[in-house]
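What follows is a short report on a single structure.
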Amino acid sequence: MRYIKQYSGYLSRKKHKIKSFSFFAKILTGKDFFLVKTCCCFYMKFIPWNIDKSIGRRQIIIMTPSLVFFGNETLKSIAEEIINIDQDVISLIESMYKIMYRAKGIGLAAPQVDVSKRLIILDIEDSGGPSLTLINPVIKESSDMTEPYEEGCLSVPGVNADIIRPSEVLVTGITPEGKETEIEASGLLARVLQHEIDHLNGILFIDYLESYERNELRPHLKKLKKLNAM
-1 MRYIKQYSGY LSRKKHKIKS FSFFAKILTG KDFFLVKTCC CFYMKFIPWN
49 IDKSIGRRQI IIMTPSLVFF GNETLKSIAE EIINIDQDVI SLIESMYKIM
99 YRAKGIGLAA PQVDVSKRLI ILDIEDSGGP SLTLINPVIK ESSDMTEPYE
149 EGCLSVPGVN ADIIRPSEVL VTGITPEGKE TEIEASGLLA RVLQHEIDHL
199 NGILFIDYLE SYERNELRPH LKKLKKLNAM
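Residue numbering for the sequence shown follows the numbering used here, starting at -1 and increasing by one per position.
This is the structure we're talking about:
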């Protein structure tokens, strides 16, 4: 049975709980980070912010690039292919890794940092391999066998849901060195690849939910939009 989980609460037809937004996100006085708690698969615990302490009062300075959240237009747009792998692309990759690691995530797509380019990065300890960067990734084949797995998203913090996806995929793409590569993935790697490639096509994992489930989340999603203005 599919369910959506927010912290210790579950959303279903019979029972649902949504923690208040103040529980989800708040500025801690005297701390140099913005606290965002979530318990999702592609999860984050803390989103650090740069604090300028040289002036009389503390001033929050948003990182550039930085994470964007539900409601941001880039997240719902089709990302553009990368034609030339220039220094701007390399710098973007470096920034994305810093943001992903700082947010305690295991996958990130360029649209999640408000850049409409077909670029994803992954670092999954369970895969037993190094971090993975793919430019213009494409899912060439998907297995007929599917399986549910609990997903979350750095751009939709505070929400978890069981999402059904193919258990195996064949993905092609280009490395930062400009070499074509092909990846046969299964398990968590296959799922994260599909999740991140979805971002390049303007798809969020919550788009797979039933309409009644989305309706239950509406108050929370409305408040998430406010994070984009911070």
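By construction, the Cβ of each residue, glycine as well, lies at the ideal position given by its N, Cα and C atoms.
Residue state for Asp196 is assigned as helix, using DSSP reduced to three classes. For secondary structure counted as the alpha helix (DSSP H) over 4 or more consecutive residues, the region 147 to 176 holds no complete run. Boundaries around Leu120 are those of the beta strand (DSSP E), 117 to 120, since no alpha helix (DSSP H) includes it.
Here the alpha carbon of Val111 sits roughly 18 Å from the alpha carbon of Ile204. Leu132: member of the beta strand (DSSP E) spanning 130 to 140, first to last residue.
Counted as a single uninterrupted DSSP element, the alpha helix (DSSP H) harbouring Ser89 occupies residues 85 to 100.
Per DSSP, Ser209 lies in no beta strand (DSSP E); the unbroken alpha helix (DSSP H) holding it starts and ends at 209 to 222. In the displayed model, Gly105 falls within a strand according to three-state DSSP. A distance below 6 Å between beta-carbons, with the five flanking residues on each side excluded, links Ala77 to the following residues of its chain, in chain order: Pro109, Ser114, Lys115, Arg116, Leu198.
Taking a 10 Å sphere around the C-beta of Gln192, we find 16 or more other C-beta atoms and assign the residue as buried. Burial check for Gly176: the Cβ neighbour count within 10 Å stays below 16, so the residue is exposed.
Within a 10 Å sphere around the beta-carbon of Asp196 sit 16 or more other beta-carbons, which makes this residue buried.
In the displayed model, Ile201 falls within coil according to three-state DSSP, outside both helix and strand. In the DSSP assignment, Ser184 is bridged to Glu166. Here Ala227 is exposed. Its C-beta has fewer than 16 other C-beta atoms within 10 Å.
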